[in-house]
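*Asks:*
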Amino acid sequence: MRIPQIVSKVNMTEDLWNESLEDHSIIPDEFDGITYYRVVKRTGQLRKGTVVTYSGIIYDFPRIARIMHLENGIKLAFGNSFYVEEKVDGYNVRIAKVQGKVFAFTRGSYVCPFSTDRLGDFFNYESFFTKNPELIVCGEIAGPENPYNGESPPYVTEDVSFFAFDIKEMNSEHQMPIEKRYEFFDRYGIPTVTRFGSYAPSDIIDLKRHIQGLNEKGCEGLVFKPIDPSGKTVKYVTVGSCLRDMKITSPLMIEYQAEFFTHRMLRSLFYLLENDLPLNDEFLKKTGEALLLPLFENLKKAAEGKMITERFKVRFNKEQNIKKLFEHFHKCKVDANLVRQDKVGRQWHVEIVRRCFPSYEVIRKHWDGSSHFD
71 MRIPQIVSKV NMTEDLWNES LEDHSIIPDE FDGITYYRVV KRTGQLRKGT
121 VVTYSGIIYD FPRIARIMHL ENGIKLAFGN SFYVEEKVDG YNVRIAKVQG
171 KVFAFTRGSY VCPFSTDRLG DFFNYESFFT KNPELIVCGE IAGPENPYNG
221 ESPPYVTEDV SFFAFDIKEM NSEHQMPIEK RYEFFDRYGI PTVTRFGSYA
271 PSDIIDLKRH IQGLNEKGCE GLVFKPIDPS GKTVKYVTVG SCLRDMKITS
321 PLMIEYQAEF FTHRMLRSLF YLLENDLPLN DEFLKKTGEA LLLPLFENLK
371 KAAEGKMITE RFKVRFNKEQ NIKKLFEHFH KCKVDANLVR QDKVGRQWHV
421 EIVRRCFPSY EVIRKHWDGS SHFD
């Protein structure tokens, strides 16, 4: 089927498709001999993050609304029972079969060479997609050895793991009903996020207990999902997750919007107030250290003329995909270099260093005396 025929299903004309290619709202890309199209700016019904392929349309994964006050947020979002799942700290992928090959697509609509390389370590995707070629498995890849996210859940102590949380259909924005989704996950042995079961809005004491337990373990939070897929989904994170977010990103604070940090401060304070916890010296110390210590270390480095860097370790099954990851970095304008690669058993263990030049450049300019308006 031609692409104009595929996008005509969402009322996009061939002229609009061609215009979108010309103005770069939609960008062609290729991986492993398969051409696909990345929607980078909303066009008609296609939102940013959507992928158009010759097998169909892989819609973007919708953003989930956040609640800041757990009890009031749950009461406002749900009138009836809902399901509760763990929110895993990793990065999101959509796994789909395109022209006979299975790929993992990032939230930014790229094929991720690393994630695609590792799919066979997560579940029997060949069996699943042979029987269900029209389905899309959505999930989180998490663990200390990934090329994107500096945080990981405490129960993944090495490498990475996959945690499915949704199933969608090709050419559809709709999600599979949650109970049917669970049945598919169990039938095909697909690992999932922790499922806490069904709750009512009146079960707030149990929900707070779950949040407290996750916070003590060092986990990220919870996602609350309606039984009817057309209903509202909301998320809530632990106070510890807010502090870890600030600590892991503050070294490169210059490269982030200020709202990234202020929102996490607000979430932390809402958590304290809702749970009648004091804003004591210990909490203030942890927050100050999370924000200032890592940033101070990088300021010191740049002032001494040393490049600011981040290091990642990852594992690959196929050596050729290492090169593809660096091609992916180049597309995303990430300044990354290969430090080493060693064959350990059946896998390649790879170490990567990313040069954080934007942060270094700004700090050096200020250190050397440049003036600026703020």
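Mapping of the sequence shown onto the numbering used here: position 371 corresponds to residue 441, and the numbering continues sequentially without gaps. Ideal placement from N, C-alpha and C gives every residue a C-beta, glycine not left out. As the structure is a prediction and not an experimental result, all values here were calculated from the model.
(1) Looking only at its own chain, which residues have a Cβ that is under 7 Å from the Cβ of residue 310, when we skip the five neighbours before and after it?
(2) Where residue 257 and residue 250 are concerned, what is the direct C-alpha to C-alpha distance, given to the nearest angstrom?
(3) Does residue 295 pass the burial test, meaning 16 or more other C-beta atoms within 10 Å, or should it be called exposed?
(4) Since residue 165 sits in a beta bridge, which residues does DSSP pair it with?
(5) Below 8 Å on the Cβ atoms is my guess for residue 323 versus residue 365; work out the distance and round it to an integer in Å.
(6) Taking DSSP's pairing of strands, which residues face residue 262 in a bridge?
(7) Suppose only complete runs of 4+ residues qualify. What are the alpha helix (DSSP H) ranges in the stretch 79 to 143, listed by chain order?
(8) For the alpha helix (DSSP H) that residue 291 lies in, which residues bound it at each end?
(9) Please confirm whether residue 108 and residue 99 have their CB atoms less than 7 Å apart.
(10) With distances taken from CA atoms, which of 343, 191 and 426 is nearest residue 138?
(11) Using the Cβ count rule (16 or more neighbours within 10 Å means buried), how would you classify residue 126?
(12) Any contact of the stretch 421 to 435 with the stretch 368 to 384, i.e. 3+ C-beta pairs under 8 Å?
(13) According to DSSP, what are the bridge partners of residue 245?
(14) Hey, quick one: how far does the beta strand (DSSP E) through residue 154 stretch, first residue to last?
(15) Can you determine whether any heavy atom of the ligand COA sits closer than 6 Å to the C-beta of residue 121, and answer yes or no?
(16) Within the continuous beta strand (DSSP E) that includes residue 229, where are the two ends?
(17) Bridge partners for residue 407 per DSSP, in chain order?
(18) Quick check: the Cα distance between residue 358 and residue 141, rounded to an integer number of angstroms?
(19) Going by alpha carbons, who is nearest to residue 383 out of 106, 196 and 417?
(20) Is the stretch 147 to 157 touching the stretch 268 to 276, taking contact as three or more C-beta pairs under 8 Å?
(21) Please say whether residue 424 and residue 503 have beta carbons closer to each other than 7 Å?
(22) Could you name the residues that DSSP lists as bridge partners for residue 386?
(23) Once the 5 residues before and after residue 264 are set aside, which same chain residues still bring their CB inside 7 Å of it?
*Replies:* Result, derived from the coordinates:
(1) Within the sequence shown, numbered from 1, the residue matching residue 310 stands at position 240. Hits under 7 Å: 285 and 288.
(2) By 1-based counting over the sequence shown, the position of residue 257 is 187. By 1-based counting over the sequence shown, the position of residue 250 is 180. Taking the straight line joining both Cα atoms gives about 11 Å.
(3) Position 225 of the sequence shown holds residue 295. Buried.
(4) Taking the first residue of the sequence shown as position 1, residue 165 is located at position 95. Note: residue 165 sits in a beta bridge opposite 174 and 207.
(5) Looking up residue 323 in the sequence shown gives position 253. Looking up residue 365 in the sequence shown gives position 295. Confirmed, about 5 Å.
(6) Walking along the sequence shown from the start, residue 262 turns up at place 192. BP columns for residue 262 point to 234.
(7) 84 to 92
(8) Counting from 1 along the sequence shown, the entry for residue 291 is found at position 221. Per DSSP, residue 291 belongs to no alpha helix (DSSP H); it is in the beta strand (DSSP E), 291 to 296.
(9) In the sequence shown, the residue the question calls residue 108 occupies position 38. In the sequence shown, the residue the question calls residue 99 occupies position 29. Cβ distance < 7 Å, so residue 108 and residue 99 count as in contact.
(10) Mapped onto the sequence shown, residue 138 falls at position 68. Comparing Cα positions, the closest option is 343.
(11) In the sequence shown, residue 126 corresponds to position 56, counting from 1. So residue 126 counts as buried.
(12) yes
(13) Here the question's residue 245 lines up with position 175 in the sequence shown. Per DSSP, 238.
(14) Taking the first residue of the sequence shown as position 1, residue 154 is located at position 84. Segment 152 to 157, the beta strand (DSSP E) holding residue 154.
(15) What this structure holds is no ligand at all, so the ligand COA is not there to describe.
(16) On the sequence shown, residue 229 is found 159 positions in, with the first residue counted as 1. Note, residue 229: premise wrong, no beta strand (DSSP E); not H, not E.
(17) As a first step, residue 407 is located in the sequence shown; it is residue number 337 there, counting from the start. Answer by DSSP bridge pairing, in chain order: 423.
(18) The residue you call residue 358 lines up with position 288 of the sequence shown. The residue you call residue 141 lines up with position 71 of the sequence shown. Their Cα atoms are separated by approximately 28 Å.
(19) Within the sequence shown, numbered from 1, the residue matching residue 383 stands at position 313. That would be 417, whose Cα lies nearest to the Cα of residue 383.
(20) yes
(21) The structure shown does not extend to residue 503, since the chain is modelled only from 71 to 444, so the question has no answer here.
(22) Translated into positions along the sequence shown, residue 386 becomes position 316. DSSP, once it has assigned bridges, lists 418 as partnering residue 386.
(23) One-based indexing of the sequence shown puts residue 264 at position 194. 155 and 156.
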